[in-house]
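**Q**
Protein chains: 4
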Amino acid sequence: MIGVAVIGYGYWGPNLARCFAETDDCRLVAIADSSPAGLARAGKRYPHARLLADWREALADPEIDAIAIATPVRTHYEIARAALQAGRHVLVEKPMTENSDQARQLIEMAEQRGLTLLVDHTFVYSSAVQKMKELIAADDLGQIYYYDSTRINLGLFQRDVNVIWDLAVHDLAILQHVLDSPPTAISANGISHVRGAPENMAQITLYLESGAVAHLNVNWLAPVKVRRVLVAGTRKMIVWDDLEPSEKIKVYDRGVSLTADPEEIYQMLVSYRIGDMWAPRLSTAEPVLTETTHFIACIKDGLTPITDGRLGLQVVEMLEAATRSMSMRGHPVELNPQRRAS
Amino acid sequence: MIGVAVIGYGYWGPNLARCFAETDDCRLVAIADSSPAGLARAGKRYPHARLLADWREALADPEIDAIAIATPVRTHYEIARAALQAGRHVLVEKPMTENSDQARQLIEMAEQRGLTLLVDHTFVYSSAVQKMKELIAADDLGQIYYYDSTRINLGLFQRDVNVIWDLAVHDLAILQHVLDSPPTAISANGISHVRGAPENMAQITLYLESGAVAHLNVNWLAPVKVRRVLVAGTRKMIVWDDLEPSEKIKVYDRGVSLTADPEEIYQMLVSYRIGDMWAPRLSTAEPVLTETTHFIACIKDGLTPITDGRLGLQVVEMLEAATRSMSMRGHPVELNPQRRAS
Amino acid sequence: MIGVAVIGYGYWGPNLARCFAETDDCRLVAIADSSPAGLARAGKRYPHARLLADWREALADPEIDAIAIATPVRTHYEIARAALQAGRHVLVEKPMTENSDQARQLIEMAEQRGLTLLVDHTFVYSSAVQKMKELIAADDLGQIYYYDSTRINLGLFQRDVNVIWDLAVHDLAILQHVLDSPPTAISANGISHVRGAPENMAQITLYLESGAVAHLNVNWLAPVKVRRVLVAGTRKMIVWDDLEPSEKIKVYDRGVSLTADPEEIYQMLVSYRIGDMWAPRLSTAEPVLTETTHFIACIKDGLTPITDGRLGLQVVEMLEAATRSMSMRGHPVELNPQRRAS
Amino acid sequence: MIGVAVIGYGYWGPNLARCFAETDDCRLVAIADSSPAGLARAGKRYPHARLLADWREALADPEIDAIAIATPVRTHYEIARAALQAGRHVLVEKPMTENSDQARQLIEMAEQRGLTLLVDHTFVYSSAVQKMKELIAADDLGQIYYYDSTRINLGLFQRDVNVIWDLAVHDLAILQHVLDSPPTAISANGISHVRGAPENMAQITLYLESGAVAHLNVNWLAPVKVRRVLVAGTRKMIVWDDLEPSEKIKVYDRGVSLTADPEEIYQMLVSYRIGDMWAPRLSTAEPVLTETTHFIACIKDGLTPITDGRLGLQVVEMLEAATRSMSMRGHPVELNPQRRAS
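Protein sequence lines, in the order shown, are assigned to chains A, B, C and D.
Here this note's numbering is used: the first sequence runs in plain steps of one and ends on residue 868.
Here this note's numbering is used: the second sequence runs in plain steps of one and ends on residue 868.
Here this note's numbering is used: the third sequence runs in plain steps of one and ends on residue 868.
Here this note's numbering is used: the fourth sequence runs in plain steps of one and ends on residue 868.
#1: From D768/D to A758/D, what does the alpha carbon distance come to, in whole angstroms?
#2: Who are the near neighbours of A596/C in its chain, counting only those whose CB is closer than 6 Å to its CB and skipping five residues on each side?
#3: Do you know how far the Cα of L661/A is from the Cα of V777/A?
#4: Return the chain-ordered list of same chain residues with a C-beta closer than 6 Å to the C-beta of N743/C, the five sequence neighbours on each side being excluded.
#5: Is D550/A helix, strand or coil when you go by DSSP?
#6: In three-state terms, what does DSSP make of Y792/C?
#7: Against chain A, does I791/B count as a neighbour if the rule is that its beta carbon must be under 7 Å from one of theirs?
#8: Taking the alpha-carbon of Q840/D as reference, which of Q628/D, A664/D, E589/D, L756/D has the nearest alpha-carbon?
#9: Touch check for the segment 798 to 812 of chain A and the segment 798 to 805 of chain D: three-plus C-beta pairs under 8 Å?
#10: CB-CB under 6 Å to R866/D, same chain, minus the five flanking residues each way: which ones, in chain order?
#11: Under 6 Å Cβ to Cβ from L734/A, same chain only, skipping five residues before and after it: list those, please.
#12: Per DSSP, P709/D forms a beta bridge with which residues?
#13: Going by alpha carbons, who is nearest to C545/C out of S851/C, M852/C, T849/C, I822/C?
#14: How would you label K900/B, buried or exposed, when you count the other beta carbons within 10 angstroms and need 16 or more for buried?
#15: Return the chain-ordered list of same chain residues with a C-beta closer than 7 Å to the C-beta of L701/B, the five sequence neighbours on each side being excluded.
#16: In the DSSP assignment, find the unbroken beta strand (DSSP E) run with A636/B in it and report its ends.
#17: Counting only Cβ pairs nearer than 7 Å, list the residues of chain C close to W766/B.
#18: Among the residues of its own chain, which have a CB less than 8 Å from the CB of V720/D, if the five just before and after it don't count?
#19: Identify, in the order they occur along the chain, each residue of the same chain with its Cβ nearer than 7 Å to the Cβ of V859/C, setting aside the five sequence neighbours on each side.
#20: Would you give the residue range spanned by the alpha helix (DSSP H) that V870/B belongs to?
#21: Could you work out which residue in R582/B, M635/B, V695/B is closest to V599/B when comparing CA atoms only?
#22: Considering only C-alpha positions, which residue in the set A608/A, S718/A, P771/A is nearest to V782/B?
#23: Return the CA-CA distance between M527/A and G536/C, expressed in angstroms with no decimal places.
#24: Counting only Cβ pairs nearer than 7 Å, list the residues of chain B close to V532/A.
#25: Taking beta-carbon pairs under 8 Å, can you tell me which members of the segment 654 to 684 of chain B lie near chain C?
#26: Is it the case that the Cβ atoms of A606/B and V616/B are separated by a distance below 7 Å?
#27: From the DSSP output, in three-state form, read off W581/A for me.
#28: Would you kindly check if the distance between the Cβ of L577/B and the Cβ of D564/B is under 7 Å?
#29: Under a three-way DSSP split, which group does D802/D fall into?
#30: Name the chain B residues whose beta carbon is nearer than 7 Å to that of A711/A?
#31: Starting from the C-beta of Y603/B, find all residues in its chain whose C-beta is less than 6 Å away, skip the five residues before and the five after it, and write them out in chain order.
#32: Using DSSP bridges, identify the partner residues of K776/D.
#33: Have a look at A579/B and R571/B and give me their C-alpha separation to the nearest angstrom.
#34: Determine the closest residue to L829/C out of H820/C, R836/C, L837/C, with distance taken between C-alpha atoms.
#35: Can you name the residues of chain D whose CB is closer than 7 Å to the CB of N715/C?
#36: Using CA atoms only, rank isn't needed, just tell me which of I775/C, D779/C, G737/C is closest to P749/D.
Pasting the structure below:
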């Protein structure tokens, strides 16, 4: 039985608490929040959990084996470092840290101590992303051409992070998970419509090692909500519409076949293929519960999490590069795969 | 009665021929096409039109006052120049020319001779774009934040132009028409999935003089067709879905109000507004017919066309800049408003 | 402070309990359920509520002023009668009773004792239905032509009631509320696809006193979920799509104008009107909470509930007539407005 | 080479003329129309066709082997009879005749003379209906539960026929073609919203010999256009949305399995199955061209048309029964399969 403390009971913490409470081989021992109101809500819902006004108390509690961090990004590093130093396994909300140096330190600390470090990129645990990963791994799509995401809505304007750190972060984790091909360069453009505030809309292009590209369109100031990802390969193409109630993933047997005409050097022959469409049934398992269950299994069996510190670091590096490129109006920022891999 | 010759009877020429045949004060005198098969089709449809294997014959015909050019882009300049030299009014398919120097020459020739020069940016004459222009001109949207377009499908791979020249060209004309604010810089990213072929997918950001941005996403290799444009302002936001059968334009009374909290300097207060949605009735007039009617009126009354050579040139300049930026993986290309205006 | 007991903690009871717990001037005193498991769940969620294995205990409790009944339909009458006899106000799940005689008795008992009797036709309290009522009351739609509802999905097969009592019951309450015109005849057709089980799909036509008709299509065995109602009038037409996330109500300025040609007696001139569409903003208030709040207000101020016993009785009478007609394969069943009004 | 004359060049005649002109082994010899304007339009489009002001002239022309009738319903019988008497093959627009007696006479005449008689139920030749027929014939759907159609829009009010004869006629032909199970009874309800005019909205239930039912909802006075048919079987369910641009047919692996619990006689166990969805690629062949090609093949090879006179008669019998039931507000009308089969 793994004892867990949830740190932060604001927007996301309640989901983690609920799922840890339902996860097998796991006990929700404590909840920490600096706000008395948050703590009161937690107590009403979990009468048996210890309520901590200061997260540091959790680290002294011998019944607590693991810490789940759902606090603002700027506090992730401090709390995660203290937890690892205290010998606790850590689940940390995405993005992992404010910068990549912090992420590298946390990875090293966890490795040296043999502790589990999982970054909460929840979408990776959704049945839609799992199905995409499965189809791509089975080579059903063929060689991947691109990943193209539109993630827009009238959303909460964040004060401390821009829209890339808030929305594109999802796609960056998903595309590393499903395509497993790091970017060699990133170009991003964006704008803030409020003087002095972080950018609220952006377009990002990632050039991947495999030759594929990823296009991301994120926006907090759109009149309609769109959550749509296209993944196209030589054989098949996927449309993932996360707002569809039942058929979130559609697989299209469509594409082009390109052949050079041997007779005519300048002539390119393109033939189009339009076949069936297929929407596989998706599991209705809740992603957060899948994730907390995976976290506990990793702790017990010493497994590496699917969304481990390395994935978390990769995402932070891409966020840094995209933000840097955005400040130069699209000037591409090269990423060094060597350094990342070390 | 204005006599018109249509040059090129391939994909687009038949639409122009049909609309000129239906336009008042206008007579379809001749159709030229280098292919005997194209000419035969034209003759079957228009038994009274002269059929010309060589477009040059049209310039010697005293009954022909105007030339409509629907040939490949690389031939636009030569034909338009010859027509203007021969004192004929010109309607030329978009994009106007292969490069901006050619466009400038044509503008100058038309001005010196007092001839009408209209670039066939058909979308500008659609009832959806006219309604957007009308709403923006009446300040219903307030100050414009952005223009964001997705224009993707499984489309014909062009051999001589990339996807920007083929698809983004529409948005560039539309946004200049409705926003009337030239870009100061353009960043574009794109890729070709066929070695040696032009780019088939691209993302473009335009930084406009007004402070607004435009984001364009164009793609010939998408499993689904999307034609969706968002235009957001301080007061209202528009979604234009051109594939909707009846409600193409939806106006949302949505947005955010941002105010700095006087007490707390770092605190930004955002309030969200979610009001009614409204879909104005659109005229069912056919855009091409609206355009040919406008062309004849401009000739008769000496008016400047809505899509005149200057708009055509602006679009070509933006296409050049976007293509240049794309070859540098998003490195921004500055545009000099001075030079453009000269 | 009105003390409330919720009887039945299965599918719907938890919603009522939650809303009564959040309603002002009201206290959730007790929850009764015959199943120990249901009672345990209730206790976990509401540690301060009394847990009753037998609902009769609630009637002896002086702190309980009102009873909310969320048990199977066949038990409604017995529990409601006992509650009214014990001087308690009653909120009863829809349909009100198994037959109209029982409904008439409950109405009479409540009236004699001056007690509030509300039938839980929740949809009537939704912002979509309230908006429709408001538009129709303001004569925005003109004279009503028809109400046409499609309410289908792959649904829970009920054992004790047919699909009309389960799904059409919603439309019957809504249309009486918004159109306020009782039917003079009902014709219904339906079928059971399981030998011996109640009908799982049906089509119902109601001929209303006003001259309008209502068409209802209900089905438990459909591959897709549809919740769509059309209400058409001489001036405007409404489409209510309850599955739309944001624009549930759309008002179309569409219709026909019909005039007899004075010259030609057999000639009917029809002109079509296609104008704007408008989607009014809807309140996001939760219907059940609106209803529980209304129930408490009715008790305190002696008001007649919007969904009172008379509406509940009307609905049961229509359900009876529809079921009778269905057993005769559409043979129309006349309803006597006189008797209903008595 | 079969010579064809098209009689009637109003709304539908031009489609038939165009398709006969494109059909192999067939020549469009003549077009007849009583209106000079219609004839002039025909002549402009088909300069080589003979233009006849009186359709009777076509019957004397030895180059004309077949007559295609696209005139108002009330004239179908007279023209078809004269054509068959003159030894001509006949294609007649749907509905076949004004009443079933006329239809029986035409069938008999064609049989006695060995002439081809095809009723133009175009939808039967569409790739969507062909795919449904194919899936059902292959027993992919299992035993059929029902056919449920919604066919509504703001449509042309007809003066001589009601909405059943105009819109439900499509479904009646389709369902006989794909289910091949005649109705034993029909119940219909409908209303006219214009005094003295034919009914403009109706709901029809057909009880089929196989035990399945068909529900049809037709309406000329709806604010939105819907063309959606559900066909559900024990194994799979189809949704056919004819307004979808690309995936018109969707096959859902969904349903219920019903088993009686042996222990508990009153207990019905229902298990739900939710599997994949699949949208087969459909041919883009034009239905009318498929039909005219089939008509010519039937003439040349002596085959029985898919939509022969018997199908046309069945549809007229169902239209008569539905109209009769509608006049009795849903009172079911029995159909005698014996008589129909004789």
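Just so it is clear, CB atoms sit at the ideal spot from N, CA and C, and this is done for glycine as well.
**A** Walking through what the data contain:
#1: As a first step, residue 768/D is located in the fourth sequence; it is residue number 242 there, counting from the start. As a first step, residue 758/D is located in the fourth sequence; it is residue number 232 there, counting from the start. For D768/D and A758/D, the distance between alpha carbons rounds to 17 Å.
#2: Within the third sequence, numbered from 1, the residue matching residue 596/C stands at position 70. Hits under 6 Å: G534, W538, G539, L542, E619.
#3: By 1-based counting over the first sequence, the position of residue 777/A is 251. By 1-based counting over the first sequence, the position of residue 661/A is 135. For V777/A and L661/A, the distance between alpha carbons rounds to 9 Å.
#4: Numbered from its first residue, the third sequence carries residue 743/C at position 217. Closer than 6 Å at Cβ, skipping near neighbours: T676, Q729.
#5: Residue numbering aside, residue 550/A sits at position 24 when the first sequence is read from its first letter. Of the three classes helix, strand and coil, the one that applies to D550/A here is coil, per DSSP.
#6: Numbered from 1 along the third sequence, position 266 holds the residue referred to as residue 792/C. Low confidence applies here, because Y792/C scores a pLDDT of 46, under 50, leaving its location unreliable and the question unanswered by this model.
#7: As a first step, residue 791/B is located in the second sequence; it is residue number 265 there, counting from the start. Annotation note: pLDDT 44 at I791/B (below 50); position unreliable, coordinate value reported separately. Closer than 7 Å: no.
#8: Locating residue 840/D in the fourth sequence gives position 314, where the first residue counts as 1. Among Q628/D, A664/D, E589/D, L756/D, the Cα nearest to that of Q840/D is on Q628/D.
#9: yes
#10: To locate residue 866/D, count along the fourth sequence from 1; it is residue 340. Note that R866/D scores 48 on pLDDT, short of 50, meaning its location in the model is unreliable; the coordinates nonetheless yield the value given after this. The answer is none, since no qualifying residue turns up.
#11: Counting from one through the first sequence, the residue named residue 734/A turns up at place 208. Closer than 6 Å at the Cβ level, and outside the excluded window around L734/A, lie S707, P709.
#12: Reading the fourth sequence from its first residue, position 183 is the one you call residue 709/D. L734/D, per the DSSP bridge assignment.
#13: Along the third sequence, one-based indexing puts residue 545/C at 19. Per the Cα distances, I822/C.
#14: For residue 900/B there is no data in the structure shown, the boundaries of chain B being 527 and 868.
#15: In the second sequence, the residue the question calls residue 701/B occupies position 175. Result list for L701/B: Y673, A740, in chain order.
#16: Here the question's residue 636/B lines up with position 110 in the second sequence. Counting along the chain, A636/B falls outside any beta strand (DSSP E), though it belongs to the alpha helix (DSSP H) covering 626 to 639.
#17: As a working mapping, residue 766/B is identified with position 240 in the second sequence. Ordered by position in chain C, no residue passes the 7 Å Cβ test against W766/B, which lies about 15 Å from the chain.
#18: Residue numbering aside, residue 720/D sits at position 194 when the fourth sequence is read from its first letter. Closer than 8 Å at the Cβ level, and outside the excluded window around V720/D, lie F683, N726.
#19: Taking the third sequence and counting its residues from 1, the one referred to as residue 859/C is at position 333. For V859/C, where only same-chain residues beyond five positions count, the Cβ hits under 7 Å are A711, I712, A847, R850, S851.
#20: Chain B is shown from 527 up to 868; residue 870/B falls before or after that span and cannot be answered.
#21: In the second sequence, residue 599/B corresponds to position 73, counting from 1. Nearest C-alpha to V599/B: V695/B.
#22: Residue mapping note: residue 782/B aligns to position 256 of the second sequence, counting from 1. Of the listed residues, the one whose Cα sits closest to V782/B is S718/A.
#23: Your numbering for residue 527/A matches position 1 in the first sequence. Your numbering for residue 536/C matches position 10 in the third sequence. Their Cα atoms are separated by approximately 32 Å.
#24: One-based indexing of the first sequence puts residue 532/A at position 6. Those do not exist, as V532/A stays about 27 Å from chain B at its closest Cβ, beyond 7 Å.
#25: none
#26: Position 80 of the second sequence holds residue 606/B. Position 90 of the second sequence holds residue 616/B. It is a contact, given that the beta carbons lie within the stated cut-off.
#27: Residue 581/A sits at position 55 when you count from the first residue of the first sequence. Correct three-state label for W581/A: coil.
#28: Residue mapping note: residue 564/B aligns to position 38 of the second sequence, counting from 1. Residue mapping note: residue 577/B aligns to position 51 of the second sequence, counting from 1. Sequence check: residue 564/B is Gly here, not Asp. Not in contact: G564/B and L577/B (Cβ atoms no closer than 7 Å).
#29: One-based indexing of the fourth sequence puts residue 802/D at position 276. Of the three classes helix, strand and coil, the one that applies to D802/D here is strand, per DSSP.
#30: Position 185 of the first sequence, counting from 1, holds the residue named residue 711/A. Per Cβ cutoff of 7 Å: R855.
#31: Residue 603/B sits at position 77 when you count from the first residue of the second sequence. Excluding positions up to five away in sequence, the list reads T623, Q628.
#32: Locating residue 776/D in the fourth sequence gives position 250, where the first residue counts as 1. Answer is V765/D.
#33: Looking up residue 579/B in the second sequence gives position 53. Looking up residue 571/B in the second sequence gives position 45. Distance between the alpha carbons of A579/B and R571/B is about 16 Å.
#34: Walking along the third sequence from the start, residue 829/C turns up at place 303. Minimum Cα distance to L829/C is reached at H820/C.
#35: For the purposes of this step, residue 715/C is taken as the residue at position 189 of the third sequence. Result: S713, T731.
#36: Mapped onto the fourth sequence, residue 749/D falls at position 223. Comparing Cα positions, the closest option is D779/C.
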